[in-house]
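Numbering (our numbering), first residue to last: 1 to 250. Backbone N, C-alpha and C fix where the C-beta goes; we use that ideal spot for every residue, glycine too. Report on the structure given below.
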Amino acid sequence: MLHICYLCLPEIIFFPGETHCQYNILETTMSIIRNAEASCTKCGAKDNITIYRSINVSENPELKDKVKDGSLFLWKCPSCGQVNLAKYETLYHDPDKKLMIWLLPDGIDISEAQMNSISLHAKAIGNYTLRLVSDTGSLMEKVLVADAGLDDAVIEICKYVTKMEIMAKTPDKEMAGNIASSVFHFYSVQGEGPDRTITLMYPSEGRMTGVSIGYNVYEDCLGIMQRNPAMKPGEGFERIDSAWLESHIR
Ligand SMILES: [Zn+2]
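And the structure:
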């Protein structure tokens, strides 16, 4: 066990809640895995579940797939069989991709100072992409986008452009309105190089519907971002989602 401080040893990555020179015990480069008590959403039974306070996918590559399919956050109630989603704060860290995604569910408070200190350390290490999300689905999506070698901010523009196009092709006003209010997600990328196609998903008439766009659409959206420097995400833990994009196009 090491007793170290984030200000005294800035080349090490520290985690939410760590304070300066408080002799916190840090497993700095490892995933931090704990047990916690959780209550079943159906029958209320309590169970001891595994929670991941931080997820380092270089140390634990097996965790990445479980993040990508969401299974890392699911637990089955031993009493009634209900599958529950565990909601907690975690820091996803992919050192190879220089990516950190902070999952901070609504209602969990974190001080700006803590967030800034981690941003500073990530910056010191160099050229990190830092993202803030508030739900598990968004964390999954960010990891899928990064693993596909795509830029999540550009993907947000792709989603917007695609949504507008589908709405324009939908003559029924109510249906078009439903599409306007639905959330689009990145799902997958197929093929190689310029022939790649990107599949987005959105809920329509009670089921998830896929829509594929060519890589040229992605390149066009990349061009839009490059021509608008104000759209470039900042260096801290940025929330890059549809609301972020709308703040730039209104
Ligand atoms: Zn239960």
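As the crow flies, the alpha-carbon of Pro233 is around 19 Å from that of Ala148.
Following the DSSP letters along the chain, one finds Ile179 inside the alpha helix (DSSP H) bounded by residues Lys173 to Ser181. When secondary structure is reduced to three states using DSSP, Arg250 falls in the coil class, being assigned neither helix nor strand. Note on geometry: alpha-carbon atoms of Tyr52 and Lys173 lie some 45 Å from one another.
By the beta-carbon neighbour count (other beta carbons within 10 angstroms, threshold 16), Asn56 is buried. Bounds of any alpha helix (DSSP H) do not take in Tyr187; it lies within the beta strand (DSSP E) bounded by His185 to Gln190.
By the Cβ criterion, the region 104-117 is not in contact with the region 148-159, since fewer than three pairs of Cβ atoms, one from each stretch, lie closer than 8 Å.
Excluding sequence positions up to five before and after Val161, its CB lies within less than 7 Å of the CB of Val217 and Cys221, all in the same chain and listed in chain order. Counting only the Cα atoms, Met231 lies some 7 Å from His248. Per DSSP, the unbroken beta strand (DSSP E) holding Lys46 starts and ends at Lys46 to Asn56. Cβ-Cβ separation between Arg131 and Ile101: approximately 5 Å, consistent with a contact (criterion under 8 Å). For Gly223, the uninterrupted alpha helix (DSSP H) run begins and ends at Tyr215 to Arg227, by DSSP. Cys43 sits exposed, since fewer than 16 C-beta atoms from the chains shown fall within 10 Å of its C-beta.
For Met231, there is no enclosing beta strand (DSSP E), since its DSSP letter is neither H nor E. Per DSSP, Glu238 lies in no alpha helix (DSSP H) segment and is marked neither H nor E. The residue from Thr50, Cys80, Gly81 and Glu219 with its alpha-carbon nearest to that of Glu89 is Thr50.
DSSP places Ser117 in the helix class (H, G or I) of the three-state scheme. In this structure, the C-beta of Ser204 stays at least 7 Å away from each heavy atom of ligand 1.
Linking Tyr215 to Leu200 through their CA atoms gives a straight-line distance of about 12 Å. Among the bridge pairs identified by DSSP, Met208 is matched with Pro203.
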